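In terms of the numbering used here, the sequence shown opens at residue 938 and continues consecutively.
In this text, a Cβ means the ideal position worked out from N, Cα and C, and glycines have one as well.
It should be emphasised that the depicted structure is a prediction, and the values quoted were computed from it without experimental measurement.
A short worksheet on the structure shown next.
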Amino acid sequence: MSVFSAPLSRAMLLGATFVPGAAIADLAANDVWQHFKDVSALYGGALEGTTSQKGETLTVTDMRFAADLPFDAGKLAVDLGDIQLREASDGSVSLIYPSNIVLQMRYMSADGETYGGGMTVTHEGLVSKATGRRDEITFDYAASRIDMSLDIPTLPEGLESYSGSGFLSDVTGRSVHQMASGLDADASLSVGKHSFTADQSMRLEDEDGAVQVKNTSGGNSMTAQGKTSIPAGGIDLVNFAASLRSGLAVSGLAKISDYSTNQVTAQDGAVIARQHVTAESYETSMTLNASGASIEGPSEGLRIEVEMPTMGGMIFGADIASGYGKFRAPLLKDETFDAAQIKLDLNGIVLDESLWAMGDPTGILPRDPANLNLDLTGKIRHQVEWLDFANVEAATDTLTGLPVEPESLQLNTLRLSAAGAEITGEGAFTFDLTDLQSFDGMPRPEGKLTLRAKGLNALLQKLQQLGMPDDQIGSGMMMLGMFTAPDPENGEDARKTVLEVTPEGQVLNNGMRIR
938 MSVFSAPLSR AMLLGATFVP GAAIADLAAN DVWQHFKDVS ALYGGALEGT
988 TSQKGETLTV TDMRFAADLP FDAGKLAVDL GDIQLREASD GSVSLIYPSN
1038 IVLQMRYMSA DGETYGGGMT VTHEGLVSKA TGRRDEITFD YAASRIDMSL
1088 DIPTLPEGLE SYSGSGFLSD VTGRSVHQMA SGLDADASLS VGKHSFTADQ
1138 SMRLEDEDGA VQVKNTSGGN SMTAQGKTSI PAGGIDLVNF AASLRSGLAV
1188 SGLAKISDYS TNQVTAQDGA VIARQHVTAE SYETSMTLNA SGASIEGPSE
1238 GLRIEVEMPT MGGMIFGADI ASGYGKFRAP LLKDETFDAA QIKLDLNGIV
1288 LDESLWAMGD PTGILPRDPA NLNLDLTGKI RHQVEWLDFA NVEAATDTLT
1338 GLPVEPESLQ LNTLRLSAAG AEITGEGAFT FDLTDLQSFD GMPRPEGKLT
1388 LRAKGLNALL QKLQQLGMPD DQIGSGMMML GMFTAPDPEN GEDARKTVLE
1438 VTPEGQVLNN GMRIR
């Protein structure tokens, strides 16, 4: 959708509409049309169309976007229909779309095969306005409702069909584009109720029948903000690393209230599984730039249900009071070490009684809410430019060391509590990249990891009441005795393990050398 990158790439297709705002300078219709063409070129494609001017209205018909895909992978073409750009006396330009916006998308492979389909967008109360000047254009838009339907009947082998439909209500937004050097875009969007349903059919290897997957997701409201910077040279899909080093950057934040998703998987019409997830609130933020990539977000009031008709139609469910996840990593080859992180928090996990009843029908195990908290940070560097796709193979073939080198790893938080027991931990290690012999090709670590456990003996006794064989209980008790020590500071049923790697490469467990 780079063709209409102002209202389209930020909002959703061609559904741009106007929230009144004062023009800061006269803007011509041809300026807006040229802007669309310039942005399309930055995304690696070409936008064309037949133009005709009548009074203050520029009409563009038979708009089409085309792009050659990298590595001789074929061509992409999108027929975009018509648009009118009407100049107003206040120096603004109105964008006028047909009541039915029809897009036709085609992919043509290098050997001549063609795949694709169409999308139709209809709208209620759709208006859009551009203000500013040619090198800095603001697009304001609003609509009471936008509906879309998608049908892709011709797909590569194994994918039989894909179709989708959805709607957005109470849409308002703004996108500001600066074109002094490349593109700097700053966009915001607000949507009321919204939903999208996707229906796909495929044939998997070693499967006799077709597999159908239908997924519906949406919410009661959504807000989003995003920023995009594209360097003057555009986006190089073959050497994405060069684009990032030249200033390519993307960031975004989306918040959804009363989020829900439903997925049904069937084979030849017979339902295999149903999944249902809801959340009171759901938030996601992401960044992509020369420093790396990150994605994170909290959620509140999660509910997860899975139904397996082949298992008697039982529904397995759980509630999660709150959740949070984060992943961050550098992407580019560099001489310096950059931060990486994996963080996961799942708090207040409550399993449905139907799940407990499968293994503990008499309620021997405590039903306390479970918690899982993990926070790992470290510093790494890449010795391969992974995003220079054409040269990855040559770079790895000539590599003499590790493709990804660690400098440090720190366990900031580990907590797992469930069924009356709890395991916690913390620790930190550094790595000697000059010693790849002591640990069989891996850099030699140095540091300490401390793990603590409470309630494990009581848990083993309850498992014995549930019918776990005595030999397995005995093996568990023996392992606790061998690899842990009493931890009286944390209670009678508390154990501790301190795993240490010394500068000489010795591995100690509670002070005893095990390597």
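Item	Value
At the level of alpha carbons, what is the spacing between Q1320 and L1400?	49 Å
From A959 to D1107, what does the alpha carbon distance come to, in whole angstroms?	Low confidence applies to A959: its pLDDT is 38, below 50, so where it sits in the model is not reliable, and the reading given next is rough at best. The straight-line gap from Cα to Cα measures roughly 22 Å.
Does the separation of the CB atoms of P1235 and Y1261 fall below 7 Å?	yes
Report yes or no: do three or more beta-carbon pairs, one from the stretch 995-1003 and one from the stretch 1018-1032, lie closer than 8 Å?	yes
Note down, one range per segment and in chain order, each alpha helix (DSSP H) of at least 4 residues found wholly within the stretch 1316-1387.	1329-1334
Report the partner residues of V1148 according to the DSSP bridge assignment.	M1139 and Q1204
From G1156, S1180 and A1227, pick the residue whose C-alpha is nearest to that of Y1196; which is it?	G1156
Any idea if I1252 is buried or exposed, counting beta-carbon neighbours within 10 angstroms, 16 or more meaning buried?	exposed
So who's on the other strand from A1210, going by DSSP bridges?	T1202
Quick one: residues in its chain with C-beta nearer than 8 Å to the C-beta of F955, no 5 flanking neighbours on either side, listed in chain order?	With a pLDDT of only 35 at F955, under the threshold of 50, the placement of this residue in the model should not be trusted, and no figure is reported.
Anyone know if the C-beta pair for T1202 and V1150 falls short of 7 Å?	yes
Near D1205, what residues of its chain come up, given a Cβ to Cβ distance below 7 Å and the 5 sequence neighbours on each side ignored?	G1146 and A1147
Return helix, strand or coil for E1437, following the three-state DSSP convention.	strand
Taking the alpha-carbon positions, what's the M1086 to D1136 distance?	The sequence shown places Ser at residue 1086, rather than the Met named in the question. S1086 and D1136: Cα-Cα distance of roughly 11 Å.
Using DSSP's beta-bridge definition, name the partner residues of N1037.	T1059
Under the three-state reduction of DSSP, which class applies to D968: helix, strand or coil?	helix
Along the chain, where does the alpha helix (DSSP H) containing L1403 start, and where does it finish?	L1403 -> no alpha helix (DSSP H), and no H or E assigned at all.
By how many angstroms is the C-alpha of Q1041 removed from the C-alpha of M1056?	6 Å
Whole angstroms are fine: how far does the CA of G1119 sit from the CA of G1171?	7 Å
Between E1058 and I1089, is the Cβ-Cβ spacing less than 7 Å?	Reading the sequence as shown, one finds Val at residue 1058 and not Glu. For V1058 and I1089, no; Cβs fall outside 7 Å.
Specify, as a first and last residue, the run of the beta strand (DSSP E) that S1180 falls within.	Here S1180 belongs to no beta strand (DSSP E); instead the alpha helix (DSSP H) covers F1177 to R1182.
Going by DSSP in three states, N1394 sits in which element: helix, strand or coil?	helix
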